[in-house]
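Novice:
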Amino acid sequence: MRHHPLAPLSFLLLPLALYAVWVIYPTFATLTLAFTNWDGISPTSEWVGLANFERLFADRIFWMSLSNNLRWVAVFITIPTALGLTLALALNRNVRFDRFLKIAYYLPMVLAFVVIALLWAWIYHPRQGLINSTLFHLYGFLQSLGFDVNPLAARRIGWLGDPNLAMWSIIAAASWQHVGYVMILYLAGLKTVNTELLDAGQVDGASPWQLFRYVTFPQLAPVTTIVLVITVIQSLRAFDLVYVMTRGGPFNSSNVLANFMYIEAFLNYNMGYAAAIAVVLFLISIGFIAVYLYRVVQQEER
Amino acid sequence: MRRILTQALATLLLALLAWGAAQSGVLRYHSYTMDPAPRALDEKIVQMFMERYPDIRVEHSQMDHEDFKQAIRTFLVASPPPDVLTWFAGERMRFFSRLGLAADITDLWLDNDWEDVYPPGAQAMSKTDGRYYFVPAHYYWWAVYYRTDIYDELGLEVAETWDAFLDNCRALDAAGYIPVTLGSRFGWTAAGWFDYLNMRVNGPEFHIRLLDGLESYDSEEVRNTFAHWQQAMDAGCFIDNPAAYNWQEAAEFMVQREAAMYLMGQFILDVVPEDQQAYFDFFRFPIIDPSLPIGEDAPTDGYFIAANAANMENAKLFLEFLGSREVAELWITDVGRLVTRSDVDPALYTETEQKGLQLLQSADYVAQFYDRDTPEDLASRGYDAFVEFMANPGALDRILADLQREAERVFADLE
Chain R
124 MRHHPLAPLS
134 FLLLPLALYA
144 VWVIYPTFAT
154 LTLAFTNWDG
164 ISPTSEWVGL
174 ANFERLFADR
184 IFWMSLSNNL
194 RWVAVFITIP
204 TALGLTLALA
214 LNRNVRFDRF
224 LKIAYYLPMV
234 LAFVVIALLW
244 AWIYHPRQGL
254 INSTLFHLYG
264 FLQSLGFDVN
274 PLAARRIGWL
284 GDPNLAMWSI
294 IAAASWQHVG
304 YVMILYLAGL
314 KTVNTELLDA
324 GQVDGASPWQ
334 LFRYVTFPQL
344 APVTTIVLVI
354 TVIQSLRAFD
364 LVYVMTRGGP
374 FNSSNVLANF
384 MYIEAFLNYN
394 MGYAAAIAVV
404 LFLISIGFIA
414 VYLYRVVQQE
424 ER
Chain C
1218 MRRILTQALA
1228 TLLLALLAWG
1238 AAQSGVLRYH
1248 SYTMDPAPRA
1258 LDEKIVQMFM
1268 ERYPDIRVEH
1278 SQMDHEDFKQ
1288 AIRTFLVASP
1298 PPDVLTWFAG
1308 ERMRFFSRLG
1318 LAADITDLWL
1328 DNDWEDVYPP
1338 GAQAMSKTDG
1348 RYYFVPAHYY
1358 WWAVYYRTDI
1368 YDELGLEVAE
1378 TWDAFLDNCR
1388 ALDAAGYIPV
1398 TLGSRFGWTA
1408 AGWFDYLNMR
1418 VNGPEFHIRL
1428 LDGLESYDSE
1438 EVRNTFAHWQ
1448 QAMDAGCFID
1458 NPAAYNWQEA
1468 AEFMVQREAA
1478 MYLMGQFILD
1488 VVPEDQQAYF
1498 DFFRFPIIDP
1508 SLPIGEDAPT
1518 DGYFIAANAA
1528 NMENAKLFLE
1538 FLGSREVAEL
1548 WITDVGRLVT
1558 RSDVDPALYT
1568 ETEQKGLQLL
1578 QSADYVAQFY
1588 DRDTPEDLAS
1598 RGYDAFVEFM
1608 ANPGALDRIL
1618 ADLQREAERV
1628 FADLE
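These protein sequences, in sequence, are chains R and C. All you need for this note's numbering is the position in the first sequence, starting with 1, plus 123. All you need for this note's numbering is the position in the second sequence, starting with 1, plus 1217.
(1) At a CB distance below 9 Å, what residues from the region 1440-1465 of chain C approach chain R? Give them in sequence order.
(2) With 16 as the cutoff for other CB atoms within 10 Å, does Thr1378(C) come out buried or exposed?
(3) Classify Val420(R) as buried or exposed, calling it buried when 16 or more other Cβ atoms lie within 10 Å of its own Cβ.
(4) Please list, in chain order, all residues of the same chain as Glu1625(C) whose beta carbon is under 7 Å from its beta carbon, the five residues on each side excluded.
(5) Kindly list the residues whose CB is nearer than 7 Å to the CB of Ile1616(C), restricted to its own chain and excluding five residues on each side of it in sequence; keep chain order.
(6) Could you round the C-beta distance between His1282(C) and Met1310(C) to whole angstroms and report it? I think they count as a contact, below 8 Å.
(7) DSSP three-state label for Ser1278(C), please.
(8) How about Ile164(R): is its C-beta nearer than 8 Å to some C-beta of chain C?
(9) Would you kindly report the start and end of the unbroken alpha helix (DSSP H) that includes Phe1305(C)?
(10) Return the chain-ordered list of same chain residues with a C-beta closer than 6 Å to the C-beta of His1277(C), the five sequence neighbours on each side being excluded.
(11) Which chain R residues are close to Leu1617(C), counting only those with a beta carbon under 7 Å from its beta carbon?
(12) Taking only beta-carbon positions, decide if Leu1293(C) is within less than 8 Å of chain R.
(13) Would you mind telling me which residues of chain C sit closer than 7 Å to Phe389(R), beta carbon to beta carbon, in chain order?
(14) Check the DSSP bridge columns for Ser1248(C) and list the partner residues they point to.
(15) Look at the alpha carbon of Leu283(R) and the alpha carbon of Ile1456(C), and state the distance between them as a whole number of angstroms.
(16) Taking only beta-carbon atoms, is Ala1608(C) less than 8 Å away from chain R?
(17) On the DSSP letters alone, give me the boundaries of the beta strand (DSSP E) that Trp1359(C) sits inside.
(18) Should Tyr1357(C) be labelled buried (16 or more other beta-carbon atoms within 10 Å of its own) or exposed?
(19) Of all Cβ atoms in chain C, is any one closer than 8 Å to the Cβ of Gly284(R)?
(20) In the region 352-375 of chain R, which residues sit with their C-beta less than 8 Å from some C-beta in chain C, listed in chain order?
(21) Count the other CB atoms within 10 Å of the CB of Ile1485(C); is the residue buried (16 or more) or exposed (fewer)?
(22) Taking three-plus beta-carbon pairs below 8 Å as touching, is the region 280-300 of chain R in contact with the region 1456-1476 of chain C?
(23) Cα-Cα, which of Phe236(R), Leu310(R), Tyr142(R) is closest to Leu224(R)?
(24) Can you find the residues in the same chain that come closer than 6 Å, C-beta to C-beta, to Tyr1413(C), ignoring five residues on each side of it along the sequence?
(25) Give the DSSP-derived three-state secondary structure of Gly312(R) in the structure shown.
(26) Are the C-beta atoms of Pro428(R) and some chain C residue less than 8 Å apart?
(27) At a CB-CB cut-off below 9 Å, which residues of chain B make contact with Arg1402(C)?
(28) Using only alpha-carbon positions, find the residue among His1424(C), Gly1430(C), Gly1372(C), Phe1382(C) that is nearest to Glu1438(C).
(29) Quick check: Thr1398(C) and Met1471(C), are their CB atoms within less than 8 Å of each other?
(30) By the criterion of Cβ-Cβ separation under 7 Å, what are the contact partners of Arg418(R) in chain C?
(31) Quick check: Gln325(R) and Leu334(R), are their CB atoms within less than 8 Å of each other?
(32) Which residue from Val414(R), Val238(R), Ser165(R), Trp243(R) puts its Cα closest to that of Thr354(R)?
(33) Using the beta-carbon of each residue, which ones in chain R are nearer than 8 Å to Ser1597(C)?
(34) Could you tell me which of Phe362(R), Ala388(R), Gly410(R) sits nearest to Ser188(R), measuring between CA atoms?
(35) Taking the straight line between their C-alpha atoms, what separation do you get for Ala240(R) and Leu1371(C)?
(36) DSSP has Thr354(R) in a bridge; who is on the other side?
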């Protein structure tokens, strides 16, 4: 069979066209939108230069959202990653029911974000939710033992309604889901760990911690990079949980950039302003995404 | 032969189509009724319309109120947009008609002599620059809803003055009840408190001027409003963590007899089970400064046609039906709303509705509601400010300064 020089191109044509329409064009359109005052429905809009960005950098909600995104990154990069790695290491040995446990831990990942958000909103419900009801009975028990606690106080904890708790409550729900994802990535990575090296280490008398620290973990480095980058990207694009659970409230204490952008675009119809938020979020994300792509390409070439 | 037959059939079909054009085909209707009672009526109305015009197929889609408010702009610029939509009277309607997204239905108003049966106030809220774009169907009153059985148990009297109201809060709080429930997750319920406090403290005229951008949030008057709000908080009036609940969840506390009061629209009864409704009554938000005129909130809901509706004739038929006395009376009998048409049988109103009607008729000024009287993107900043104040009253100075800055930007953009 002869190779026609145009053959690959003709196969690529359709996907490229779709990509151009759905990805490349919107990206540049958003970029230009960020310099206008378009309201989302008027046929025309004015060029306003950097006004949207000036307003953005003076907007308290922007800085609150950004700092919440950063908190999200900080928590996400430590807790679910560590837990996921621990679970992967534990389940990689032949423990009983390992298959069941793997599925159980991975299952939240299969659920849609909206489902998780609703589920956790019920768990967090101040009066009827799982957490406060449990606390209520626990406090009641402690009180019956003579401790000075008021069971009714448990009903007053507003996990999603208290501005100091709302953000952390959402991040906790997100982490619950993310652990399973990290676990699966590490489980896959552990399959590629060279067992001969582990055997050699054992023969040399290395402790389990040393084996992990100096043999297993370094070999997991490519997976770790992927996990970290995915985690950061997940944190930056966090939206669904926030939108469904609190809509960024109370008064923006749990807002994140993506939700702020959505609300400005579709609730307040400041499309231009929302586009400016999108551009800033894009610039923040692009660095991490570049690392991710670089790693993926590198791995594929190997 | 066959060709002739085909042609004849085709001609016949075309003729039939042309003849039935006005009363056949499709009608796309989008509404925001989600609570049980209005939802059932909404479906019933569509059913009745289809029985009357069996050849029109109504594609009815119902959405949650909050989601509808966001989706409507996308609906209106879609091609084709839905034909008929539910919406809010006044400024919120004018926003769309000024952008050319709503159909001019002045002919419909004149053909049906609606100016004879809709009072001048209802006419005004349906017009934009002298033309009609809206059919105002029904409205409701806002008031302080309370549980009569709790009041009876504690021997409390309905408060007419602010001090009496605060005393009731203290008594209820001491008895272990939540004096006032509030679900402010989406902000607007807190805005109800702002509307009333501001109208009672500074008068409805100041309130509307503020919402029109002619007065400042960062002023002594508004600070005084918040000082009264603070008094209510100090008296232990409010439920803890109001921002944790949406309005229905907060109403649940009243249904379960844990909370005694809720500042809410008449639609609160939509979510109260029938066997509990007997315990629900309402009173006028207490008077704070007796020298001021009395303002009340009474938002009006209705219908309009999208400017680019694909089935304009059917849409007008439907609107004609929606604006008819028959449908208006159903809103009274089935859901207990007040209706804008003045020719309905007054005997249809129950005692409660008569009381609500009287509440509004004895008011000196009737406002729509915070987010219907002020530009929408400012309203969402206002909501944040009110919710934040309730959680963090110490930050009032910053909150008001921020809100005023937003107000100046929004009103400058509008010019």
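Don't be surprised by glycine CBs; every beta carbon is placed ideally from N, CA and C.
Specialist: From the atom records:
(1) Asp1457, Asn1458, Pro1459, Ala1460, Ala1461, Tyr1462
(2) exposed
(3) exposed
(4) Cβ within range, chain order: n/a, list empty.
(5) Ala1602, Glu1605, Phe1606
(6) Not a contact, Cβ separation roughly 16 Å.
(7) strand
(8) Yes, because at least one Cβ of chain C sits closer than 8 Å to the Cβ of Ile164(R).
(9) Counting along the chain, Phe1305(C) falls outside any alpha helix (DSSP H), though it belongs to the beta strand (DSSP E) covering 1301-1305.
(10) Once the five neighbours on either side are set aside, the close Cβ partners of His1277(C) are Tyr1246, Val1263.
(11) Ordered by position in chain R, no residue passes the 7 Å Cβ test against Leu1617(C), which lies about 13 Å from the chain.
(12) yes
(13) Within 7 Å Cβ-Cβ: Gln1287.
(14) Gln1279(C)
(15) Between Leu283(R) and Ile1456(C), the C-alpha separation is close to 15 Å.
(16) yes
(17) 1359-1364
(18) buried
(19) yes
(20) For chain C, the residues of the region 352-375 of chain R that bring a beta carbon within less than 8 Å of one of its beta carbons are Thr369, Arg370, Gly372, Pro373, Phe374, Asn375, in chain order.
(21) Here Ile1485(C) is buried. Its C-beta has 16 or more other C-beta atoms within 10 Å.
(22) yes
(23) Minimum Cα distance to Leu224(R) is reached at Leu310(R).
(24) Phe1502
(25) helix
(26) There is simply no residue 428(R) to check, as chain R begins at 124 and stops at 425 in what is shown.
(27) Chain labels in this structure do not include chain B; the protein chains are R and C.
(28) His1424(C)
(29) yes
(30) Ordered by position in chain C, no residue passes the 7 Å Cβ test against Arg418(R), which lies about 38 Å from the chain.
(31) yes
(32) Val414(R)
(33) Ile386, Leu390, Asn391
(34) Phe362(R)
(35) 40 Å
(36) The partner list for Thr354(R) (beta bridge, DSSP) is empty, contrary to what the question assumes.
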